[in-house]
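Using this note's numbering, you'd call the opening residue of the sequence shown number -2 and step up by one each time. We put the beta carbon where it would ideally sit given N, CA and C, even for glycine. Predicted model only: the values in this text are computed from it and were never measured. Here the structure comes first, spelled out in structure tokens, and everything after it is commentary.
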Amino acid sequence: MKLITRDTDYALRAVCFIAKNKERLYPVSSLVKNLRIPGPFLRKLLQVLHNKGILNSFKGKGGGFSLAKPPEDIFLTDIMHIFQGEFCLNECSLGKGICPHTKDCPLRERILRIEKYVRKELSSVAVASLIK
């Protein structure tokens, strides 16, 4: 299990890089060069971030990407949710719906507490705090 997937990691690195100089537009080529992420892969991630309202996209010569909102308003959990879905530490191992042992599972209550704690900690991590 990975807490942060490759998509989330790369997307977060791109957002942080753009946030460091938010007055500027960054073309994909510049981001690829600075972040060392494959171009087609990064372009796909940036388009998803644009579609979800994290980035602005400007086409044409002199175009590129910029933040759509202040770095103080973009959180790690926002990016995780876009690329990973709802945060969950444990699902039924069979993947066939709700486990029949949910009510008497000795781990369930602890896992739910851990999930709540981790979610709270991750939701407090703003991009602004990562670029300082």
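- Note: PHE55 is bridge-paired with GLY61 in the DSSP secondary-structure output.
- When DSSP states are grouped into helix, strand and coil, PHE84 belongs to the coil group.
- Residue range 105 to 120 is occupied by the alpha helix (DSSP H) that includes GLU118.
- In the DSSP assignment, TYR23 forms a beta bridge with PHE62.
- When the Cα atoms are used, PHE80 and VAL122 turn out to be separated by approximately 17 Å.
- For the pair of segments examined, the region 109 to 122 was found not to touch the region 44 to 53: the number of CB pairs separated by less than 8 Å stays below three.
- Taking a 10 Å sphere around the C-beta of GLY61, we find 16 or more other C-beta atoms and assign the residue as buried.
- Residue pairing by DSSP places PHE38 in no beta bridge whatsoever.
- Taking C-alpha positions only, VAL45 is separated from CYS102 by approximately 38 Å.
- In the DSSP annotation of this structure, the continuous segment of the alpha helix (DSSP H) that includes PHE14 starts and ends at 3 to 17.
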